[in-house]
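For the sequence shown, the residue numbers in the working numbering are 26 to 428.
Using N, Cα and C, we set each Cβ at its ideal position, and we do this for glycine too.
Quick caveat: nothing in here was measured; it's all calculated off a predicted structure.
Heads up: the structure comes next, in structure tokens.
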Amino acid sequence: MSTTNQPDLLAAAQAILPHLVDLRRRLHQIPEVGLQLPKTQAIVVEELRALGLEPRLGTSTTSVTAVIEGARPGPTILLRADMDGLPLLEETGLAFASETPGTMHACGHDTHMTMLLGAARLLVERREEIAGRVLLMFQPGEEGYHGARFMLEEGILDRPAGQEVTGAFAFHIWTRYATGTVWFRPGPLLAAADFIDLTIRGRGGHASEPFKTVDPIPVAAEVILALQAMVTRRHDVFDPTVVTIAHVDAGTTYNIIPETAILQGTIRTTSEANRAAVHAGIRRVVEGVCAAHGVTPELALTGGFPVTVNDPVFTGVAADVAREIVGADAVAEMADPIMGAEDFSYVLQRVPGAMFFLGALDPEEDPASAPQNHSNKVRHHEPAMAVGAAVYAGVALRHLAGG
Ligand SMILES: [Zn+2]
């Protein structure tokens, strides 16, 4: 077992908190969206070099990786932070708000990069305790751009024999929870998120003579309701399913029956088996309802991020590490999965590991009304980053303690 003194890890992280706050604010000011984040990449690279590490840059995106070699041989653990912001106009009122109108770090990925860079410093100072190495993964394009998948395709998990990546860990910060608290869940943590694109093709005409047309609008209405009946009647309530039609577009004015009705929506599931069953069910319902009314459906179901599944054993060990660092009272198991999605799921499909949540609700804010992630008013409480850095480092040290 590890001889790591975990409370010391938190003290060490708290000692570098002023540096982390400064770094986080610099990142917060320069949010970038998508897969190409040159300004963000430059700061990450500079920080890694300052730690004596050799950053490697992605070829298809502005990702960054770096390796912290331990003093003794052993496997590799991957620690991941995402790097991208969101297309939002920031209205936090913070002195260090985004300098780019219309772009904002509203999901806390600025804090993730900062915490991982903080953890890197703690780990560089503790190479003697490491049997193996830590692979730092900084990925762009988490917000729907599949940045993690690009890095996997570039071979970040390809390691020489004996140095295989045997664990992976990531944090996501969240204002839902009290600052500095750590939240975990074995098994499914986040949903798969797939896309529905449906065009119902009829035949337009005068709205006073619907019998001389094929009106797609009532068929669209029936499809929307039939999908909800399908979810509640056909799918196990203990295997969560969400189907939301979020965009409906048909017609132009009072007296024209349009040619088409267009529906778009999202499918959220937390098991691959249920995901496949829901896709099949949507095809069945859409084709059946449309056939009943003599209209033609053009349906595309596009796969988004897969289910994010935490390995139970890894999760248990990491939760123990978190308890040692912040105390058992500040660590809790989540009752339910979250129906959002994450592209760290691609890593967890290949490597046993876990994503945890880190609370960052400012103590002065009301938990009932505090803006949440993806709000243009969200504020993450910066002192939580010390906990994040310490737990990132602690999980790696425990995994690589060399038995
Ligand atoms: Zn996020």
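What are the partner residues of ALA275, as DSSP defines its beta bridges?
Residue pairing from DSSP places ALA275 in a beta bridge opposite ALA286.
Tell me where the alpha helix (DSSP H) around ASP135 begins and ends.
Start and end: 134 to 149.
Beta carbon shell of ligand 1 at less than 7 Å from a heavy atom
Those residues are ASP107, CYS132, GLY133, HIS134, GLU167, GLU168, HIS197 and ASN398, given in chain order.
Output needed for ALA366: all residues of its chain with C-beta closer than 6 Å, excluding positions within five of it in sequence on either side, in chain order.
Taking ALA366 as the centre and dropping the five residues before and after it, the same chain places the C-beta of LEU215, ALA216, ALA218 and PHE330 closer than 6 Å to its C-beta, in chain order.
For ALA385, which of helix, strand or coil comes out of DSSP?
If DSSP states are grouped into helix, strand and coil, ALA385 belongs with the strands.
Would you mind reading off the limits of the beta strand (DSSP E) that contains LEU119?
It is not in any beta strand (DSSP E) - LEU119 carries neither H nor E in the DSSP assignment.
Judging by CA-CA distance, which residue of VAL346, VAL149 and LEU82 is the nearest neighbour of LEU60?
Answer by Cα proximity: LEU82.
Quick check for students: name the residue ranges of the alpha helix (DSSP H) that lie wholly in the segment 361 to 412, counting only runs of 4 or more.
369 to 375, all fully within the segment 361 to 412.
Extent of the continuous alpha helix (DSSP H) run through ILE68
Its alpha helix (DSSP H) spans residues 63 to 75.
Does the separation of the CB atoms of ALA145 and LEU78 fall below 8 Å?
Yes, Cβ-Cβ distance for ALA145 and LEU78 is below 8 Å.
On the DSSP bridge list, what partners appear for LEU250?
For LEU250, DSSP assigns no beta-bridge partner whatsoever.
Beta strand (DSSP E) runs wholly inside the segment 80 to 108, at least 3 long, in chain order
Fully enclosed beta strand (DSSP E) runs of 3 or longer: 89 to 94 and 97 to 107.
Chain-order list of residues whose beta-carbon lies under 6 Å from that of TYR170 (same chain, five-residue window excluded):
Excluding residues within five positions, the ones whose Cβ falls inside 6 Å are GLY59 and LEU60.
For the segment 282 to 301 against the segment 339 to 352, are there 3 or more C-beta pairs whose distance is under 8 Å?
By the Cβ test, the segment 282 to 301 is not in contact with the segment 339 to 352, since fewer than three Cβ pairs between them sit closer than 8 Å.
Give me the residue from THR278, HIS197 and GLU154 with the minimum Cα distance to HIS399.
Of the candidates THR278, HIS197 and GLU154, the one whose C-alpha sits nearest the C-alpha of HIS399 is HIS197.
Who are the near neighbours of ALA385 in its chain, counting only those whose CB is closer than 6 Å to its CB and skipping five residues on each side?
So the qualifying residues of the chain are ILE198, THR200, THR204, HIS405, HIS406 and ALA409.
Decide if ASP23 is buried, meaning its Cβ has at least 16 other Cβ atoms within 10 Å, or exposed.
Residue 23 lies beyond the stretch modelled for the chain, which goes from 26 to 428, so this question has no answer here.
Rounded to the nearest angstrom, what separates VAL89 and ALA286 at their Cα positions?
Distance between the alpha carbons of VAL89 and ALA286 is about 44 Å.
MET176 - DSSP class collapsed to helix/strand/coil:
Under the three-state reduction of DSSP, MET176 is assigned to helix.
In angstroms, rounded to a whole number, what distance separates the CA positions of ASP368 and VAL314?
The C-alpha of VAL314 is placed about 34 Å away from the C-alpha of ASP368.
At what residues does the alpha helix (DSSP H) containing HIS304 begin and finish?
Per DSSP, HIS304 belongs to the alpha helix (DSSP H) from 297 to 318.
Boundaries of the beta strand (DSSP E) in which HIS130 is found, first to last residue
From DSSP, HIS130 is part of no beta strand (DSSP E); its letter is neither H nor E.
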